[in-house]
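For the sequence shown, the residue numbers in mature numbering (1 follows the signal peptide of the UniProt record, and there is no 0) are -31 to -1, 1 to 1200. Since the structure comes first, as structure tokens, the remarks are kept for the end.
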Amino acid sequence: QFYMAQNSGDGARLRRLVWLFPAMTLASALASQITETCKAWVALSWRRAIVYKIHDLYFERRAYYHVLNQQAGLGVPDADARICNDVREACDAYAGVMSGAVQTSIYIAMQYSTLTVRIAWIDRSWVLGPPIFVLGVIPTVLGLVDWGRLWPIYGALQHFGGAYSQALTRVQLHSSGIFMLHGEGFEYDTLKWHLGRLTSTFRDMLGATFGKDFIESFLFSGLYPSGFQTLATFTAAGITASELLLRNSPADIEKMDVHSPRPDVSAYFGGYIHNWWGVVTAAGTLSAFLNTWYSLTEGQVSVERVMSLFASMQTVRDNLPEAKEGAFQDRGPVISFDGVTVVTPAGQTLLKDLSFEVTPGDRLLICGHNGAGKSSIVRCLSALWAIPKGVITRPGGTRLDSDEDESQHSQIYYLPQKPCSVIGSLSDQLTYPQRLPGGLPDEELRCWLRCVDLEYLADRNAGQRGGLGKGGAGNEVDWEQLLSLGEQQALAIARLFYHHPHFAILDECTSAVSSRLEQRLFGVARKLGVTCITITHRPALQALHSRMLQLTGHLDKDGHGWELSDIPHAQPLPPVDSRVASRGEALRRATEHLEREVSKSGAVFEPPGKEDSVPNVAAPGELVHRRWPSSRSRFLALLRLGLEESGQGWRMLGRSAAIALGMRVHCDLLWQIWAGQNGAISAALTGSQNGILAELVSYLMTAPILSLIDTAIKYQGRILASELAENISQRLLRMALSAGAFVSVMRPGSPLHVENPMTRLSELNTHVSTVSSSLIELLFRCSFGIFSLRTLLRGVGPVAFLSPPTYFLVFRLCLLVAPDFVFMSKREAELEARFQVWHTRLRHVAEPVAFSGGGPAERRAIEPHFDAVLDFKLSSLRKKFFYRFVENLFTGHSEIPLYMQRLMTGQFSSRNVAYNPTSGVTPGVVVQGFMFERVVMYNDNTAHRLGSFTPTWRGWDGTHVRILELALALEAAATMKSSLNEGPEGGGIEVRGLDLVSPGGRCLARGLDFAVRRGGGLVVSGPNACGKTLLGCVLLGLWPARGSSPEGPALVRMPGLEAGTVRPPLKIIMAAPQRLYLPMGTLGDQVCYPTRYIPVAEGAGPPGEREAVMERALAAAGIAYLVGREARGWLHECRWEDVLSGGEQQRLGLARVMYQQPKFALLDECTSMVAHDSEEGLYRTLAHELGITPITLSQRLFMRETHAQELKLGADSAGSWSLIDLRAAGAVESG
């Protein structure tokens, strides 16, 4: 109607349309935004439903344990990534299909059916064209794509992306263990390999999808007349020509010319526009739906990965419990094994006909060497492993093979050596797996903590440490990072007291606590009526037990692999009291026992000193905004990170030049295509069907070339983006994995602390790819907008300059109602990362969680983070709704921009169309106006995209800030000065004036002065939280040395240090921690770490020389059998933390020390899970045979003959220390 009014000079009609059109666009924009919001809401609703359904299966009957540990072939290697990422992608994809299907059905019903009825009487052949093209040609052409080849590539891309993300999270969780062993180079190579594999697969995907992208560009492109738009152009032209031929005689048709005015031109042209919109709306919507459907190829990969996870968990549910029918019985408070055969999931038989019974009041000790089956008995008792033969009796019977019955922690409670530390409040730590609303009352919490000498935890700064903490997502603390192992074990003991179960399984749970607290554990357990089953290597605990189950490990010799015997005692053991009936009674008895202990011994626990003030240092986020105050400067800073790689700049510059050249050719070809389609309209208005066909042939020759060029430009842009993302990732990985920078960034309480730093790197590839695609599309529009600007100026004159500032003003006004996109983008990324970290964390604590029945507790902890993600996204949808509505009103092509096009075309008509009511107007002038409108449309779209680009840019800026926060923090951490000094060659380690100051600012010891000479070992002893581990961190360079000596600042001297060295090399000192880090790699890598094992066949020196050294190290550590046990020997690769027992892992840590043979070895409770006699042998091998001087961190004096000195921390009171010469019996007290 606009065209007819403009070309016919109908002013009254035009004025009515000027007012009617905006009202219609208002309703249209509102409906469009409601549709988009509903689509997003549906995707979020589906995601919530699917994740909760997965959780129903995942946390049912401990399926998470079997899935994560890949028991009986039921495992999924990346279940956490599938739950966190693939479900989201699948829901987004299918929500798009659902929305497209609904819109397609409505548009076809309303537009195409009406159009068909109206034009069918003219020429029915034109009616068949669009359906044949959309339903026949498009599927046929898309069928040429080798989808069978693409699906595996998409699957591999998802898999490698998940593996890279998991590898990053693994480094984040084990940062301290990696740094102390100098493993940054090893981990950098591993991460670089994962990144390279991901990038290579991405580029393979680009190459494999080039043909598909070319076809989709030709059929569905929104940058120029696409297949369905061209269909609309030629179909509408054909209909118009047929109508003209039908209503006019051949003689009249012969007289028609492009330059000859006719009164009916405006009417026919109005009909053409009406037909064009009908076809383009219906066919275009259907084509878009088909495009969406075919684009589900990538989404289908996510769906299949989620389906395989469902199938795995369904199999777990259908086939568990693994034990045979009747394997578990319930006879009240009794635990017994009757003829049980213990078999590993791999099929190895460990024990046969195991039989014993534990009733209330008994005290059973389970001993045996590493790998004999001690923890395997607990796995069978907890129904985590199958028992092919025998019967197990336990409270609850078969009900306890599930996490559903949360009362099991009141029946049987398991305390492992590595406690399951909860991320939450201090109250949550104590009540786990329960979570009390509001937490425990302050006084009760303090009383429980006082029972294990941890009351000082309640006094720590609430903002930094969590304090008493009442739970909730806003007060979550990662206690595993904040507490030492001894503090974690003490807190787990308090957890046992709190739950006061019938039976307690104590699996080396006191290896890092003082002997006083160990004795208190058994004393309080006796008073609470808790019957203990203890797994240990230390014979000293025999005095507290009545029977011993010795696992011989000689199944092939004795046929059973075990023997049960009574433990003789000179005096009868004190009886176990009746079990307490309430929590209050348990607290009263525990408090009374503590008071009797204090009055009897006179020793009162002195808590660590209070926190000193910590300097207020600007957070990395503040530093980012100071250094790069504008979003543009932050974007350029990110680009510079990617361009700093040597040899990459020129190649990227070449790709950029190729993109620019392609843009120029794109503009010329696009102009030709538009001119050709306007020629078809001219032919239609003169009744020339041959002219229409000629223009169609010309289009079919030109459009594929344009599609090929555009696809090549996009391909080059995506390759450029992948190179940029890879360069930035490698740059940040090098910064993180050099000089221990990532440890400072990940350490809680550090001024450089960045939340989830490594997961930010996993966001980088997707973000850069999204930015690149959007910028390339924007460049397409801007380039042609500039190219066609001269036409716009000739058409309407200076009025053309009013459009950009008008839109700019409109968009600036829109921003007044815009939400904070930077915050929303950053916050959404943080919540998604937090949800994924929580899920990934469960992988590393699956076994202790399963032992303690903590599945429901973990679900309660994980799901609030998931709910926070969805709630924030729903809240964002509401906040964005009005802004998106206003934005769509002024940017949607069918809304106000179309209105502005019509007004600009009216201006053009008033300047160039001289309408005569008698003679009419020429087809050429009308078509010229239509061509001008195409130019206006493109320039307006460009202006709209630039204006609406602001929120998108702000959203990107949130991610840029997150990446630059990490870069700045790593940069600052790398410049930290070393606190180590070079000592005389051949000398020992010398410490002068050292203050042990914790990350929270507490001074644990002042003015430490000691020296460790070669051959004279040192034992550092003391209670929990006295600073033993902190001293080890100082010696290893993990924590700066503070304090002052007579020569100036605190001195830590070591021989052979190079200037500026942040930490001592392994040839000087190497650590063997209690919790060993096992990298992903081969058995050879585990021994050689931090170097990588290279087989002799690949040129690793003389044949067998390196392997011989490795075998001697394993033999000295007592685990030489590992090489023969594993199928591929040194090259065997698996998740070693799931294969090796705790004792084998500790022996492997000592084997590394024996392989590297440093001058000093820092041994931090590294033999707590090794048998006592073997433990002494290992120390003698280190000290006497290999000449390695031990620096042992222990709760008590150990192996006096291998140590020359004992450094007692917290000996008399908090902050005190004493140095004892064990060979001269003299002591030097601290000042």
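Yeah, the Cβ is synthetic: ideal placement off N, Cα and C, and Gly gets one too. Since the structure is predicted, the reported quantities are computational estimates derived from the model, not experimental observations.
Looking at the DSSP output, E1170 sits in no beta bridge, so it has no partner there.
Of S1185, W120 and E424, the smallest CA-CA separation from L963 is found for S1185. Excluding five sequence positions before and after R829, the CB atoms of its chain that fall closer than 7 Å to its own CB belong to R404, given in chain order. Approximately 6 Å separates the beta-carbon atoms of H529 and D322; this is inside 8 Å, confirming the contact. Linking C416 to L160 through their CA atoms gives a straight-line distance of about 46 Å. When DSSP states are grouped into helix, strand and coil, R1022 belongs to the strand group.
When L965, D25, V(-14) and E5 are compared, the shortest CA-CA separation from F851 is found for E5. A1130 is bridged by DSSP to M1039 and P1159.
According to the DSSP secondary-structure assignment, V981 is paired through a beta bridge with I958. Sorting V11, L350 and L188 by C-alpha distance to the C-alpha of S68 places V11 at the top. When the Cα atoms are used, P402 and D527 turn out to be separated by approximately 41 Å. In the three-state reduction of the DSSP assignment, V499 falls in the coil class, being assigned neither a helical nor a strand state. By the CB criterion at 7 Å, V482 and A459 fall inside the cutoff. Relative to the Cα of E695, the nearest Cα in the group E801, Y133 and P230 belongs to Y133. Secondary-structure assignment with DSSP links T362 through a beta bridge to Q298 and S305.
Between the alpha carbons of L542 and S515 lies a gap of roughly 8 Å. Pairing P788 with K848 gives a Cβ-Cβ distance under 7 Å. Q135 sits in a helix when the DSSP states are folded into three classes. The region 699 to 710 and the region 745 to 760 do not touch, with fewer than three beta-carbon pairs separated by less than 8 Å. Look at G316 here: in three-state DSSP terms it is coil, with no helix or strand label.
Counting the other Cβ atoms within 10 Å of the Cβ of H635 gives 16 or more, which makes it buried. Nearest Cα to L721 within the set V895, A936 and R552: A936. Residue pairing by DSSP places T109 opposite no residue, since no beta bridge is assigned to it.
Approximately 35 Å separates the beta-carbon atoms of Y34 and A512; this is outside 8 Å, ruling out the contact. Contact check for L1166 and L1132: beta-carbon distance about 14 Å, past the 8 Å limit, so the pair fails to qualify. Here the C-alpha atom of A802 lies approximately 24 Å from the C-alpha atom of E816. Take the alpha-carbon of R759 and the one of T874: they are about 16 Å apart.
Residues M793 of the same chain have their beta carbon placed closer than 6 Å to that of S845, with the five preceding and five following residues left out of the count. For A1082, same chain residues with a beta-carbon under 8 Å away, outside a window of 5 residues either side, are V1056, A1120, R1121, M1123 and Y1124 in chain order. For A494, same chain residues with a beta-carbon under 7 Å away, outside a window of 5 residues either side, are A473 and C501 in chain order. Put simply, of Q380, S218 and A206 the residue whose alpha carbon is nearest the alpha carbon of G822 is Q380. Taking all protein chains shown into account, R620 has fewer than 16 neighbouring C-beta atoms within 10 Å of its C-beta and is therefore exposed. Runs of alpha helix (DSSP H) with 4 or more residues, each lying fully within the region 496 to 566, are found at 524 to 527, listed in chain order. With contacts defined by Cβ atoms closer than 7 Å, L933 and V391 do not form a contacting pair. If you draw a straight line from the Cα of A1085 to the Cα of S1110, it comes to about 18 Å. In the structure shown, T328 adopts coil according to DSSP, grouped into three states.
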